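Residue numbers (my numbering): 19 to 149.
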């Protein structure tokens, strides 16, 4: 019985490595594709949203400057503004986790203010459209 388990493990470990390598490769390909799309369509809110959502799903947060650039470029797009506001809120939550370096934690109030600013401008724009 023990020999059967060892044999199974000897066979399963290489398969697990291959599956893991395939997953890494697929993640890299997805990242590359959305980056290419964003480069080809820099003025597309849809391309930015796709990039943001894919990168977030891959646990690769976009760089703060990319988000700020999208906020400025697509100031009239509520989806972009919402995603950007949520990005800053996620940063605030992460920065508040136990064990986070004090220098990073200091950024928390700035990020919270930025999230509030973006989301309040979004609700103000919505109210003015509805009026």
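Cβ atoms here follow ideal geometry from the backbone N, Cα and C, with glycine treated the same way.
These numbers were taken from a predicted model, which means no experiment stands behind them.
Assignment of residue 119 by DSSP, reduced to helix, strand and coil, places it in the coil class. Secondary structure of residue 64 (DSSP, three-state): helix. Cβ contact annotation for residue 69 (same chain, cutoff 6 angstroms, sequence separation greater than five): 52, 56, in chain order. Here the alpha carbons of residue 141 and residue 42 stand approximately 39 angstroms from one another. For the pair residue 71 and residue 101, the CB atoms are nearer than the 9 angstroms cut-off. In this structure residue 129 touches residue 106 by the C-beta definition: roughly 5 angstroms separates them, less than 8 angstroms. Residue environment for residue 85: buried (at least 16 other C-beta atoms within 10 angstroms of its C-beta).
Contact between residue 139 and residue 99 holds: their C-beta atoms lie close to 7 angstroms from each other, under 8 angstroms. In the three-state reduction of the DSSP assignment, residue 106 falls in the helix class.
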